[in-house]
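Student: Got a structure here, written out as C-alpha cells. Questions coming.
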Amino acid sequence: MTRDGDDTGRRIASRRGFLSAAAALGTVGLAGCGAPRADAGEGAENAVTDETVQQQVEEWSGSDSTGVETDHPYTSPRTTIDLDERDGQITVSTTPCRHQLLGEDTQGGPWELPEVWAWQTPDTDPSVPGPLLRVTEGTQLEITYDNSAHNRPHTFHVHGLSKDWMDDGVPTTTGQQVAPGEEYTYEIDANQPGTHFYHCHYQTQNHLDMGMYGILRVDPEGYEAPDKEAFMTIKDWDTRLSASTAGGDVDFSHRDRNPDAFTVNGRSAPYTFHPEQGSPLIVEEGDQVRIHFVNAGYESHAMHNHNHGFTVVEKDGGVIPEAARHREDVIPIAPAERKTIEFTADADPGVYALHCHKVNHAMNGDSYPGGMIGGMVYESAMDSEQFASVMEMAGYEA
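Below is the structure:
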C-alpha cells in the first residue's frame with residue numbers, strides 16, 4: 002500500500018491493518034526493532050532510505066546459515082491460555098518443528114532453525130516459546146505432560162512455585178521423567194503471584210536450548226492490569242545445536258557453545274516487529290505500561306529502554322517494596338531470572354527501541370541492527386516514514 006502522492010514507492014503500513022494483525026495475537030506480544038529515527042524536518046540526515054535497507058539486506062543473509070533442511074512443520078506465534086477458564090487443567094506435549102528466526106520477506110531472511118522442540122497443547126499450535134499460561138493465585142494446577150509425540154523423555158519444571166517433591170520435574174533428584182509413549186500429571190499450587198519460568202528439566206543443556214521453555218504468570222487476587230502489558234522472553238542460541246540435532250554434519254559441544262542468534266519471543270529483529278509474529282508494544286500517550294522479562298537463555302542480558310525510565314516492581318515473583326524502587330533505564334537479567342518493569346508512556350511520541358545493550362547481542366551475524374531488539378511505538382507515530390521503514394524491514398505490508 003502506498004501513501005497518496007508519495008512517489009518513493011515505499012510501502013506504508015496502515016494503522017488499521019497493523020492494529021488488526023496485532024490484535025489477533027492479544028496484548029502480550031512484545032518485540033520490535035528500532036530503526037534510525039529522523040527528525041520530522043525535510044531532508045533530515047538520518048532518514049532511513051530504501052538504499053539503506055537494501056545495503057543492510059546485502060550485508061546479511063541467514064538463509065544458508067546451517068545448511069540443513071527438514072520437513073518438520075513450522076512453529077506458530079505464542080498463544081496465551083487462561084487456566085482459570087480451564088479449572089487449572091491443561092495437557093502439554095512436544096512437537097519437532099522448524100522455527101523461523103527471520104521470515105521469508107524479512108530483511109536478511111529467511112533464517113531458520115531446522116529443528117526445535119516446541120511446546121503444544123491439543124487446541125493450540127506448537128510454538129517457541131511455549132504458550133503463556135496465565136492463572137489466578139490460589140488455583141490448583143493439573144498440568145499433564147503427554148509424551149506420545151516425541152522419541153525422548155521430557156519433564157515439566159516451573160520456577161517460583163512451591164510444590165511436592167515428585168512434582169518438581171527434575172529426574173536427577175526425583176527419579177521421575179516422562180518416557181516416550183507415557184504421560185504424567187503434575188499437581189502444582191499457584192501459590193506465589195508473579196511471572197515464572199517453565200521448561201523441560203531432562204538433559205536441560207539440550208532440551209531448554211532446543212526451545213522447551215515458556216512463561217507461567219500467576220496473577221494475585223484482585224490484580225489490576227495496566228493500560229498496556231507485555232511479556233518478553235529473551236534468549237541466546239547457538240544454531241549449531243539445532244543443525245546437529247536435525248542430522249547435519251556440524252561440530253558442536255556445549256563446552257564450546259558460542260551463541261550466534263538472539264531473540265525476543267523467539268524471533269530476531271527486524272522480524273520481531275512484524276505484527277503477525279509478535280508485534281511491537283503499541284501505546285498511546287499517558288499509558289501506564291508493564292513489561293515482564295524472562296531470560297530463557299544461558300547468558301545475562303542488559304536490557305535498555307530508550308527514552309523511558311522505569312522502575313523494577315517484581316523480581317522472581319517477589320514484589321519490590323516501594324521504598325526500594327528507583328528510576329533506571331538499563332537492568333541486567335540473569336539466566337532464568339524474571340523482572341517486571343513499569344513506566345509511563347510520556348516521551349515524544351515515536352518509535353523506540355528496547356534491546357540488550359551487549360551490542361553483539363543486537364546483531365544478525367555481522368549486521369546491525371538485529372537480534373535481541375524489542376520496541377515500542379506510539380500509535381500517533383504509525384503514519385510516519387520511520388515506522389513504514391521498520392515495517393518494510395520486518396516484511397510486513399498492510
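First residue of the sequence shown: 2, per our numbering; consecutive thereafter.
We treat Cβ as the ideally placed atom computed from N, Cα and C, and that holds for glycine.
Considering just the uninterrupted stretch of the beta strand (DSSP E) at HIS208, what are its terminal residues?
Tutor: Looking at the DSSP string, HIS208 is not in any beta strand (DSSP E); the run it does join, the alpha helix (DSSP H), is 205-208.
Student: Using the three-state DSSP reduction, which class does ASP288 fall into: helix, strand or coil?
Tutor: Coil.
Student: Just the Cα atoms here: how many angstroms apart are ASP210 and VAL265?
Tutor: Cα to Cα, ASP210 sits roughly 15 Å from VAL265.
Student: Measuring only the C-alpha atoms, how far is GLU188 from VAL117?
Tutor: Cα-Cα distance, rounded: 27 Å.
Student: In angstroms, rounded to a whole number, what distance separates the CA positions of ALA363 and SER269?
Tutor: Looking at the two C-alpha atoms, the distance is approximately 9 Å.
Student: Could you check where the alpha helix (DSSP H) with PRO172 kicks off and where it finishes?
Tutor: Its alpha helix (DSSP H) spans residues 172-175.
Student: ALA231 lies in the beta strand (DSSP E); which residues open and close that run?
Tutor: Its beta strand (DSSP E) spans residues 229-238.
Student: With respect to the alpha helix (DSSP H) encompassing VAL391, which residues constitute its N-terminal and C-terminal limits?
Tutor: That run of the alpha helix (DSSP H) goes 386-395.
Student: Where does MET373 fall in DSSP's three states?
Tutor: Coil.
Student: Assuming THR76 and PRO127 are in contact, meaning their beta carbons sit under 8 Å apart, how far apart are those beta carbons, in whole angstroms?
Tutor: Going by Cβ atoms, the distance from THR76 to PRO127 rounds to 5 Å, so yes, they are a contact pair.
Student: So what does GLU329 bridge to, in DSSP terms?
Tutor: Its beta-bridge partners are PHE311.
Student: Around the C-beta of ARG38, are 16 or more other C-beta atoms found within 10 angstroms, so that it is buried, or is it exposed?
Tutor: For ARG38, the pLDDT reaches just 36, beneath the cut-off of 50, and the residue's location in the model is therefore unreliable, leaving the point undetermined.
Student: On the three-pair Cβ rule with 8 Å, is the region 328-343 touching the region 362-378?
Tutor: The answer is no - the region 362-378 does not touch the region 328-343, with fewer than three Cβ pairs under 8 Å.
Student: Would you report the Cα separation of CYS201 and ASP257, rounded to the nearest angstrom?
Tutor: Each residue's Cα considered, the two are about 22 Å apart.
Student: Any heavy atom of the ligand GTP closer than 7 Å to the Cβ of GLN278?
Tutor: No copy of the ligand GTP appears in this structure; indeed no ligand is present at all.
Student: Apply the 10 Å Cβ neighbour rule to TYR224 and answer buried if 16 or more other Cβ atoms are within range, or exposed otherwise.
Tutor: Label assigned to TYR224: exposed.
Student: What does the alpha-carbon distance come out to for the pair ASP106 and GLU386?
Tutor: ASP106 and GLU386: Cα-Cα distance of roughly 19 Å.
Student: What distance in whole Å lies between the Cβ atoms of ASN296 and ALA337, which are believed to be in contact at a cut-off of 8 Å?
Tutor: Rounded, the Cβ-Cβ distance is 6 Å, consistent with contact.
Student: Count the other CB atoms, across all protein chains shown, that sit within 10 Å of the CB of ARG241; report buried if there are 16 or more and exposed otherwise.
Tutor: ARG241 comes out buried.
Student: If you compare alpha carbons, which of GLY298, PHE294 and LEU282 is closest to ALA262?
Tutor: For ALA262, the nearest C-alpha among the options comes from GLY298.
Student: CB-CB under 6 Å to ASP220, same chain, minus the five flanking residues each way: which ones, in chain order?
Tutor: THR137.
Student: Distance, Cα to Cα, SER254 vs LEU114?
Tutor: Spanning the two alpha carbons is a distance of roughly 17 Å.
Student: What are the start and end residues of the beta strand (DSSP E) that includes GLN90?
Tutor: Counting along the chain, the beta strand (DSSP E) containing GLN90 begins and ends at 90-103.
Student: Cα separation between VAL391 and PRO97?
Tutor: The straight-line gap from Cα to Cα measures roughly 31 Å.
Student: What are the start and end residues of the beta strand (DSSP E) that includes PRO127?
Tutor: Element bounds for PRO127: 125-128.
Student: Inspect the beta-carbon positions of ALA180 and ASN148 and report whether they are closer than 8 Å.
Tutor: Yes, the pair counts as a contact, with Cβ atoms nearer than the cut-off.
Student: State the start and end residues of the unbroken beta strand (DSSP E) segment that holds LEU217.
Tutor: LEU217 -> beta strand (DSSP E) spans 214-220.
Student: For SER243, which of helix, strand or coil comes out of DSSP?
Tutor: Helix, per DSSP.
Student: Pick helix, strand or coil for ASP85, following the three-state DSSP scheme.
Tutor: Reduced to three states, the DSSP call for ASP85 is helix.
Student: Locate the beta strand (DSSP E) running through LYS340, then write down its first and last residues.
Tutor: Start and end: 339-345.
Student: Relative to the alpha-carbon of GLY110, which residue among THR273, ASP384 and VAL313 has its alpha-carbon at the smallest distance?
Tutor: Checked all of THR273, ASP384 and VAL313; the closest Cα to GLY110 is THR273.
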